[in-house]
Each structure stands twice: as structure tokens, then as C-alpha cells.
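Chains as they are written, first to last, in the working numbering: chain A, 1 to 300; chain P, 301 to 600.
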């Protein structure tokens, strides 16, 4: 099974990488395309694209060409939103980080102005990718995907979570407030990756609810594990600066709960994710299950 | 006629303002909503919303409720994209401007980090506004509007133009290069405002082409006039810092063509815009015509 997952994941990553190469333009003007490609290509674990594609397979969307095309576009769109958020998040006025995926961050390489524009253009590109002008993806599905992505990325989702994060520096957050922040900051887009993938196929209300619960549990587990890794790993393993949240005096699951309780929380969320898949009634949740395992077991 | 236009424009601006008040949320977390509202409410000439609504009227989209709703959402979405671009453009790593619409810029008021996030969230919000979950706007129209907006805002449109602008500081651009930059930087979104408004109704290929030509001419005229005003007006009249392009050693229509030729260019584009309306075959282009006049006659 593990071997199968690695093969599936490699195949899907190749598809996503090649689609991103095609859709993130080399020739956007004045170095913008180069900065965008630098920010999104050749790096990253692509958790969100894999979640989208695994959810699409779970609901049978990988068979019919227009639905498979929609799933691939969804996979790239969620990654573009994620990559843009990293570019902006790394800038001096935010986390001021110089290392990302083992490389200098976009603003270090291209300057702050072009980094900001590259992020802005990547957010727009995510919606371009979801709305192809050529026939293929049904227009009603395009609209649903755009709406889901916008809500996950916007003020009540990722951007809202980042604002809470910003306001929380040096402030004691309790566990509820911390959970709310992470549900928005990272959880919303991870969950949307699952739900958008599922929207590419057909799922009844019960399966949709189960996938939503899976996405929520996995999204939060991802952040708890991130906090544990940030507190326990070296920068070289992470490919980014370790310990920066503690250095910036930001509340994390480790500072709020302690290391042991944070690890236990991650395990509990992992179990919830599997339980949700079990009651989804969907036959083909093996890749979603493997992705939940990988979130817990990763070391970077 | 002029009196009619002022009344129409006042009525539409009230509708747009009240819709923006409703859709730009006061309660987005951690001050984000406040910064977003500061950046978009209570100021601005709302050229783009008025173009969208005038184009929608020209194609009869103001009559049927779902189409009128789509036109109002379009008007707000294009303004959100415009307002986000101003917030980012004013930041220290870009134009480093402290005054906008007669008020301190968003980053001066709320700090750079929240300003960047407010801009990011406003771009997402534009797509949220275009994809209402409640029934009303047909899904196929939602998808078309999202696609048009994303392309106007993204790497080949506004963001691409800003990248060229950034790269052009201190570089001599010829008139063609300058025109290309402005067609993207400001022209693409102005033209998209017209075309998205028109997409809310029904227009045949000839009318669509004519409206596209109108939008292109008006978009470029807008920038030429902007450059003329930047070179000739005081900051107090403009409500923003005058002469900043020359100070930043950026090429403008005035520095490339000279003041007299720039003014003549604006007049020629104005004539082109009217000519395009005349051949559109549309009965109700009176507001579009008045908006073209206002672009030329404005003093701020």
C-alpha cells in the first residue's frame, strides 16, 4: 500500500509540475514570470494539490476527461494560492524570512516590489487557471471552484488567519483562539483543497460532510505538526528557518499546550481524519488516508 | 444631458457604496476588515464601477433582476481590485506614497503587514463577490466574470503592467513601450470593467468589439490624462502626491511626448472612444459617452 501511494503520488506530482510549468508563464513581462516560477516551481511538498487530486479520485472525478481536467486545474490553483501566501508571508514586513524550501526567498532573490507583485499575480493566476476559455470544464463547475477558492483565501480564511497571527505576536492566545487562527490560516485552504477536488465529481451530502470533516481534522493536524517540527527540528531538515515562531514570540501549539500535549493532539486529529473517511461511504479513499498518515509522519 | 448624467452617476454611486459597505466586512478578524474598509470605502471616483454599470445599461442588463445583480457585483469587484492595487502600489517597496484620496495611505495608518494582507484579502473578496452562493446570478455568468477579472488583474494585465512600470524606472521607454505598459497597468482593468458590464447582458459580436475598442481607447486616455495631471496639478487638487512620477524618474506620456502632444493624444483617444460607441449599434450609450467625456475633462 505504501509503495502504491508513493507511485501514485509521484505520478500526480509530475502531472501537477508539468501543468504549473505550462500555466505559470515564463514570459510574463519584466521579470514577473521568472519571479512567479521561482516562487512556485521545483520545490514544495504539494500537499494541497495531492489532497485535491485524491479527493477527486475518491468521488470518481478522475475518469471523465472534463472532470479530470477540472481536478488538475484545482490542484494547481490551490498550490498557486499557497505559494503566493508564502511569498508575501516571507517579506520583511511580515515574517522577514530569507530561506524557503532550501532557497533564498523570492524577495531576497528579486526584491520586495517584484515579490509582492509576483504574489499578487499568482493569486489572480489561480482564478485564471480555474476559468479556462477553451471548452472542457463546465462553466457551473468553474464558478463553484472560484467561489470556494476565494472564500478559503480571503478575509474569513487564509488572509484572516494571517491577520490574527500578526495581531497575536507577544499576546497570550488560549487553545480556542489558537485553533481559530489555524483553522483560517492554514486549515481553510487545506480543507478547500479537499472540497474543491470533491466538487469535481459527484458526492452525496453525507460523503461531502465526511470529506469536510476529514479536511478540517487534517488541516488542523498539519498545523499542530508544523508547530512541533518548528520547535524540534533543525533548519536544514525543514528547508526553512526553524524556531522562528518562538523567536518571534508567537503562540504555537507547543507554547500553549506543551510538546507532549501537542503531539497527542496531532494523533487525535489524525484519528478523526481516518474516522471521517470511514463514514464517508466512499470506496476509494486510500490516497486520502495515506495523505493523512503523511501529515503526521513527516519530518519537514 | 450633463444634469442627467450627474443624477444617474449619483444614484449608481450610492448603490455601489452601499453594496461595498455590505460586502466589505466590518468584522473580518484582527483589524483586517477595518483596514479593508479604510482602503475602499468613502473615497475614490469609482470610474470602474460606473463604466461597468454604464456598459450593463447599454446592453440592457439593468432590467432583469439577476443581470442587474450581476452588474452591481461586477461594479464592486472591479473597484475592489483597483483599491487593492492602490494599497499595494503605495507601499514603501513600491511607490512609497503616504497620501491617497486626501488621507494617509493604508500602510501609514495600519502598518505594512496589515496593508499587504488587506490588499490580498480584497483581491480574494472581488472573486467572492462575483460568486454568490445564494441563487441569483447564473453560474455560467459567474464563471465568465471571474475569468475576465482574473485576466485583467493578473500577469498579462494589471500586475504585468506594474512589473514593467517597476523595471522602467530610470529607463528610457519609447511611446510603444509606454503604451504597452499602460494598456496593462491601468487599461486592462478599465477595459475589463466595460466588458464585464457588457457580459451581464446580451451584445452581438459587432457591439462587443465596439465596446472593447471603446474600453481600450478610454483606458489609455485615462492614463495619458493622469500623466498630464501629475505634471501640471498640485497635490491638494489631486488628493495624492503630485509630480511623483517625475520625482521617481519614471517615464510618462508627458516626459516621452511632451505636454502638448500628450494632450493631443488624450483628445484623439477621446474621439476614438466616441467613434466606437457610434458604431456599436447600441441604443443606450449615453452614460458611456458621458464617462469618456469625464475622463478627459477631469482635474483630479
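Each residue gets a CB set at the ideal place from its N, CA and C atoms; glycine is no exception.
is_contact[residue 174(A), chain P] using C-beta, thresh 8 Å: Locating residue 174(A) in the first chain gives position 174, where the first residue counts as 1. No, residue 174(A) lies away from the interface with chain P (no Cβ there is under 8 Å from its Cβ).
Distance between residue 334(P) and residue 328(P) (C-alpha atoms, nearest Å): Stepping through the second chain from its first residue, residue 328(P) is reached at position 28. Stepping through the second chain from its first residue, residue 334(P) is reached at position 34. Cα to Cα, the separation comes out at about 8 Å.
Reduced DSSP category for residue 46(A) - H, G, I as helix; E, B as strand; rest coil: To locate residue 46(A), count along the first chain from 1; it is residue 46. Note: residue 46(A) maps to coil in three-state DSSP.
Chain-ordered neighbours of residue 486(P) on chain A, where CB pairs are closer than 9 Å: As a working mapping, residue 486(P) is identified with position 186 in the second chain. Those do not exist, as residue 486(P) stays about 15 Å from chain A at its closest Cβ, beyond 9 Å.
Residue 219(A) versus residue 187(A) - alpha carbon distance: Taking the first chain and counting its residues from 1, one reaches residue 219(A) at position 219. Taking the first chain and counting its residues from 1, one reaches residue 187(A) at position 187. Using only the alpha carbons, I get a separation of about 4 Å.
Sequence ranges, alpha helix (DSSP H) only - wholly within the segment 55–108 of chain A, length at least 4: 65–89
Within 8 Å, strictly: CB atoms of residue 108(A) and residue 87(A): Position 108 of the first chain, counted from the first residue, corresponds to residue 108(A). Position 87 of the first chain, counted from the first residue, corresponds to residue 87(A). Not closer than 8 Å, so no.
Proximity below 8 Å, CB of residue 458(P) to CB of residue 467(P): Along the second chain, read from residue 1 onward, the residue named residue 458(P) stands at position 158. Along the second chain, read from residue 1 onward, the residue named residue 467(P) stands at position 167. Result no, Cβ atoms of residue 458(P) and residue 467(P) do not sit closer than 8 Å.
Chain-ordered chain D contacts of residue 431(P) [CB-CB under 7 Å]: As a matter of chain content, chain D is missing from the structure shown, whose protein chains are A and P.
CB contact check: residue 178(A) to chain P, cutoff 8 Å: Numbered from its first residue, the first chain carries residue 178(A) at position 178. Cβ-Cβ to chain P under 8 Å: no for residue 178(A).
Under 9 Å (Cβ pairs) to chain A, residues found in the segment 414–440 of chain P: 414, 415, 416, 417, 418, 419, 420, 421, 422, 423, 424, 425, 426, 427, 428, 429, 430, 431, 432, 433, 437, 438, 439 and 440
Short Cβ contact (8 Å threshold) for residue 196(A) with residue 212(A): Numbered from 1 along the first chain, position 196 holds the residue referred to as residue 196(A). Numbered from 1 along the first chain, position 212 holds the residue referred to as residue 212(A). It is not a contact, given that the beta carbons lie outside the stated cut-off.
Touching by the beta-carbon criterion (3+ pairs, under 8 Å), the segment 52–70 of chain A and the segment 90–99 of chain A: no
In chain order, each alpha helix (DSSP H) run of at least 4 residues that lies wholly inside the segment 454–515 of chain P: 458–467, 475–482 and 488–499
Length of the line joining the Cα atoms of residue 141(A) and residue 199(A): Here residue 141(A) refers to the residue found at position 141 when the first chain is read from its first residue. Here residue 199(A) refers to the residue found at position 199 when the first chain is read from its first residue. Roughly 8 Å between the two C-alpha positions.
Residue 104(A) at chain P interface by Cβ criterion, 8 Å: Here residue 104(A) is taken as the residue at index 104 of the first chain, counted from 1. Judged by the 8 Å Cβ criterion, residue 104(A) is not in contact with chain P.
Beta-carbon gap between residue 528(P) and residue 563(P) smaller than 8 Å: As a first step, residue 528(P) must be located in the second chain, where it is residue number 228. As a first step, residue 563(P) must be located in the second chain, where it is residue number 263. Yes.
For residue 344(P) and residue 588(P), the rounded distance between their alpha carbons: As a first step, residue 588(P) must be located in the second chain, where it is residue number 288. As a first step, residue 344(P) must be located in the second chain, where it is residue number 44. If I take the Cα positions, the gap works out to 19 Å.
Pairwise C-alpha distance: residue 464(P) and residue 145(A): For the purposes of this step, residue 145(A) is identified with residue 145 of the first chain, where counting begins at 1. For the purposes of this step, residue 464(P) is identified with residue 164 of the second chain, where counting begins at 1. About 31 Å.
Residues that residue 466(P) contacts on chain A, provided the C-beta gap is smaller than 8 Å: Here residue 466(P) refers to the residue found at position 166 when the second chain is read from its first residue. Those within 8 Å of residue 466(P) in chain A are 30, 113, 114 and 117.
Enclosing alpha helix (DSSP H) for residue 597(P) [first to last residue]: As a first step, residue 597(P) must be located in the second chain, where it is residue number 297. Residue 597(P) -> alpha helix (DSSP H) spans 586–597.
Residue 155(A) at chain P interface by Cβ criterion, 8 Å: What you label residue 155(A) is simply residue 155 of the first chain in a count that begins at 1. Chain P contact via Cβ: present.
CB contact check: residue 94(A) to chain P, cutoff 8 Å: Stepping through the first chain from its first residue, residue 94(A) is reached at position 94. With 8 Å as the cut-off, residue 94(A) counts as an interface residue toward chain P.
Local Cβ density within 10 Å of residue 493(P), reported as buried at 16 or more and exposed below that: Numbered from 1 along the second chain, position 193 holds the residue referred to as residue 493(P). Label assigned to residue 493(P): buried.
Amino acids of chain A, ordered along the chain, whose beta-carbon sits closer than 7 Å to that of residue 601(P): What the structure shows of chain P is the stretch from 301 to 600, and residue 601(P) is not part of that stretch, so it cannot be assessed.
Neighbour-count burial assignment, residue 170(A), 16 or more Cβ in a 10 Å radius: On the first chain, position 170 is the one that residue 170(A) refers to. Looking at its Cβ environment, which holds fewer than 16 other Cβ atoms inside 10 Å, residue 170(A) is exposed.
Residues, ordered as in the chain, of the segment 315–349 of chain P that lie near chain A by beta-carbon distance below 8 Å: 325, 328, 329, 330, 331, 332, 333 and 336
Sub-8 Å separation of residue 439(P) and residue 143(A) beta-carbons: Taking the second chain and counting its residues from 1, the one referred to as residue 439(P) is at position 139. Taking the first chain and counting its residues from 1, the one referred to as residue 143(A) is at position 143. Yes, the pair counts as a contact, with Cβ atoms nearer than the cut-off.
Beta-carbon contacts of residue 150(A) that lie in its chain and below 7 Å, excluding the five residues immediately before and after: Counting from one through the first chain, the residue named residue 150(A) turns up at place 150. Result list for residue 150(A): empty, nothing under 7 Å.
Among 323(P), 317(P) and 325(P), nearest to residue 350(P) - alpha-carbon criterion: Position 50 of the second chain, counting from 1, holds the residue named residue 350(P). When each option's Cα is compared against that of residue 350(P), the closest is 317(P).
Validate contact between the segment 108–123 of chain A and the segment 281–295 of chain A using beta carbons, cut 8 Å, 3 pairs: no
Separation of residue 490(P) from residue 414(P), as counted between CA atoms: Stepping through the second chain from its first residue, residue 414(P) is reached at position 114. Stepping through the second chain from its first residue, residue 490(P) is reached at position 190. If you take the alpha carbons of residue 414(P) and residue 490(P), they lie about 27 Å apart.
Partner residues on chain A for residue 459(P), Cβ-Cβ distance less than 7 Å: Here residue 459(P) is taken as the residue at index 159 of the second chain, counted from 1. The contacting residues are 32, 117, 120, 121 and 124.
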